[in-house]
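full-length UniProt numbering applies: residue 1 is where the sequence shown begins, and numbers increase by one.
From the three backbone atoms N, C-alpha and C, an ideal C-beta is built for every residue, glycine too.
Since the model is a prediction, treat every value here as computed from it, not as a measurement.
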Amino acid sequence: MNTRELRKRISALDRSISILQDQLHLLEAEKADLATQLCRSTYPVESLPPEIIVHIFVDYIAALDKPTLFPAFLGVCRTWRQIALGTAGLWNDIVIPWQHPQPDVLLQRWVERAGPRIPLDIYMGLETTEPVLAVLGAHASRWRRLVLRMSMRSTLAVAPGDGSGSWECLEELDVLADLQHAAVLSPVTGLFSAPRLRRVCVHSFPATQFVLPWTQITSLALLNQSLAQCLMIISQTRQLEALHVSLTNRNTSHHPISLVLPALRRFKIERDAVPPILGYMTLPLLTDLDVSGHVDGVISLVMRSGCTITHLRLSHMLMDEDPVYACLRALPGVTHLVVASPRTEDLADFLWTLADASYHTQDPPVILLPMLQSFVLKNCLDVLELESVVRLLETRCRQREGYALPTALLRTFRATWGEDVDEDEGFKDPIPVIKQLVREGLSLQLDMPQYWQSQELNWHMVSVGLSSLRVSCLQIQELKRLD
Numbered sequence: 001m002n003t004r005e006l007r008k009r010i011s012a013l014d015r016s017i018s019i020l021q022d023q024l025h026l027l028e029a030e031k032a033d034l035a036t037q038l039c040r041s042t043y044p045v046e047s048l049p050p051e052i053i054v055h056i057f058v059d060y061i062a063a064l065d066k067p068t069l070f071p072a073f074l075g076v077c078r079t080w081r082q083i084a085l086g087t088a089g090l091w092n093d094i095v096i097p098w099q100h101p102q103p104d105v106l107l108q109r110w111v112e113r114a115g116p117r118i119p120l121d122i123y124m125g126l127e128t129t130e131p132v133l134a135v136l137g138a139h140a141s142r143w144r145r146l147v148l149r150m151s152m153r154s155t156l157a158v159a160p161g162d163g164s165g166s167w168e169c170l171e172e173l174d175v176l177a178d179l180q181h182a183a184v185l186s187p188v189t190g191l192f193s194a195p196r197l198r199r200v201c202v203h204s205f206p207a208t209q210f211v212l213p214w215t216q217i218t219s220l221a222l223l224n225q226s227l228a229q230c231l232m233i234i235s236q237t238r239q240l241e242a243l244h245v246s247l248t249n250r251n252t253s254h255h256p257i258s259l260v261l262p263a264l265r266r267f268k269i270e271r272d273a274v275p276p277i278l279g280y281m282t283l284p285l286l287t288d289l290d291v292s293g294h295v296d297g298v299i300s301l302v303m304r305s306g307c308t309i310t311h312l313r314l315s316h317m318l319m320d321e322d323p324v325y326a327c328l329r330a331l332p333g334v335t336h337l338v339v340a341s342p343r344t345e346d347l348a349d350f351l352w353t354l355a356d357a358s359y360h361t362q363d364p365p366v367i368l369l370p371m372l373q374s375f376v377l378k379n380c381l382d383v384l385e386l387e388s389v390v391r392l393l394e395t396r397c398r399q400r401e402g403y404a405l406p407t408a409l410l411r412t413f414r415a416t417w418g419e420d421v422d423e424d425e426g427f428k429d430p431i432p433v434i435k436q437l438v439r440e441g442l443s444l445q446l447d448m449p450q451y452w453q454s455q456e457l458n459w460h461m462v463s464v465g466l467s468s469l470r471v472s473c474l475q476i477q478e479l480k481r482l483d
């Protein structure tokens with residue numbers, strides 16, 4: 001390229017650069033204008049009046065599974081933080097975490113934010129004593145819910161700060177002890193006058209050491225207690241509607257007492273408490289029963305009480321055994337069944353029996369749980385034998401000729417798995433059957449183990465869950481992907 005051509009090329013580049021610079025100036029001007037508009041813009045959430053924002057905050061707090069120490073909205077912006085700190089209703093759920101370096105300071109700060117009048121819900125984990133207990137006791141007249149997790153040898157014996165002698169706000173008391181100190185103290189004493197107290201849970205502390213208005217309690221949990229302590233307390237709580245019991249050990253000693261609880265509707269019994277405690281009970285209104293380990297004593301309880309169980313939960317037990325089938329035959333009114341943490345080796349046989357009523361050969365066969373409408377398998381430990389599941393759904397979701405027809409048809413089936421499920425292969429494709437049952441109204445949910453949720457959805461997933469779908473009703477269009 002000679003000098004003339006070089007100069008010509010340089011001139012062309014200068015013109016191109018000038019054009020690009022003009023375009024750049026235009027773009028920069030447009031950017032500056034847009035930035036100015038952005039600075040002047042108001043986001044919809046910022047245009048809301050503080051009263052609406054407060055309602056949003058309150059709904060957010062109410063939707064939490066458990067209280068939180070530092071609500072997330074405190075760190076969004078200064079406006080939100082100021083609104084939150086100035087709203088007393090956001091600070092009545094007071095959380096004092098275990099091993100906090102200054103629990104008394106934190107408690108006092110929350111109480112001040114909650115204002116002087118709002119009832120307090122307090123959740124505390126404590127390893128030390130006096131400073132925080134002094135603050136706690138000073139506001140005893142405002143307790144609405146008190147949840148204590150305690151590891152100490154001190155007693156919280158308090159009087160209302162207003163001198164009234166009444167804990168007029170207290171509705172719920174929940175106390176858990178460190179097991180090594182369970183036999184030596186009662187952390188709360190002197191609650192003689194608590195007219196609203198209805199719910200009490202005592203875990204590992206001797207319940208008989210508590211001075212509470214037991215006669216007015218409607219919901220009671222006595223956990224890790226002796227049989228004698230349980231019977232003594234329950235005998236004073238004739239208004240109970242819900243009861244949860246677990247014993248420190250299996251006690252076969254007899255106590256000359258008979259307990260009639262005329263209002264009890266929900267009863268949960270842990271493992272070794274099942275046979276000892278049931279023999280003392282008469283529960284005419286019982287409808288919701290949760291037993292763990294074995295079903296000994298359930299039939300005699302139902303016959304003695306004349307009650308109708310509609311909601312039954314069986315946990316940690318072998319299902320394909322004579323006592324379980326005898327129990328189910330004695331409970332024909334069950335509409336909702338939950339089988340939690342079932343033993344894998346016999347679960348398939350149980351499902352076949354529940355599907356085909358093959359346990360006792362009769363003509364026509366008698367169907368177990370003829371009123372069953374909802375069936376949940378919770379925390380399964382292994383992949384289900386899917387043929388038994390499909391057979392169960394086929395037979396319980398439709399009426400069948402030649403059988404003693406169920407009074408109700410199964411309309412909800414759900415299965416969840418634990419984290420230790422092993423993969424398997426070789427299942428018969430049940431998709432056509434499941435599709436048709438869903439079309440006919442079955443609500444189906446299969447929840448995946450978490451560590452499989454990133455995998456591509458395929459047929460095998462149906463045998464152990466539906467990946468990340470996690471819907472309460474299985475959608476037909478999603479199933480089409482598996483054809």
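- Shortest Cα-Cα distance from G297 to any of L34, P276 and I233 involves P276.
- Residue pairing of G125 in beta bridges, as defined by DSSP: R149.
- Inclusion of I217 and T237 in the CB contact set at 8 Å is warranted, their separation being smaller than that value.
- For S11, the secondary structure class from DSSP, reduced to helix, strand or coil, is helix.
- Taking all protein chains in view, the Cβ of Y280 is crowded by 16 or more other Cβ atoms within 10 Å, so the residue is classified as buried.
- A distance below 8 Å separates the beta carbons of M317 and G293.
- In its chain, beyond the 5 residues on either side, L286, T287, D288, L289, V302, L331, G333 and V334 have a beta carbon closer than 8 Å to the beta carbon of I309.
- CA-CA distance, A140 to W167, rounds to 7 Å.
- According to the DSSP secondary-structure assignment, E172 is paired through a beta bridge with R145 and R199.
- DSSP, reduced to helix, strand and coil, places D320 outside both helices and strands of the structure shown, so it counts as coil.
- Nearest to H255 by C-alpha distance, out of F267, Q239 and L278, is L278.
- Shown here, Q216 sits in a helix according to DSSP, grouped into three states.
- In this structure, R149 places its C-beta atom within 8 Å of the C-beta atom of G125.
- Under the 10 Å beta carbon count, N224 is surrounded by 16 or more other beta carbons and is classified as buried.
- In the structure shown, the three-state DSSP call for T310 is coil.
- Bounds of any beta strand (DSSP E) do not take in C230; it lies within the alpha helix (DSSP H) bounded by L227 to I234.
- In the three-state reduction of the DSSP assignment, S315 falls in the strand class.
- Per DSSP, the unbroken beta strand (DSSP E) holding L289 starts and ends at D288 to S292.
- Cα atoms of L377 and E46: separation of roughly 46 Å, rounded to the nearest angstrom.
- Contact annotation, L337 with L312: C-beta distance approximately 5 Å; criterion of less than 8 Å satisfied.
- In the same chain as R81, and ignoring 5 residues on each side of it, the C-beta atoms closer than 6 Å to its own belong to L74, in chain order.
- Contact check for V295 against M319 fails: the beta carbons are separated by 8 Å or more.
- Between the beta-carbon of I53 and that of N92 there is about 18 Å, and that puts the pair past the 8 Å contact cut.
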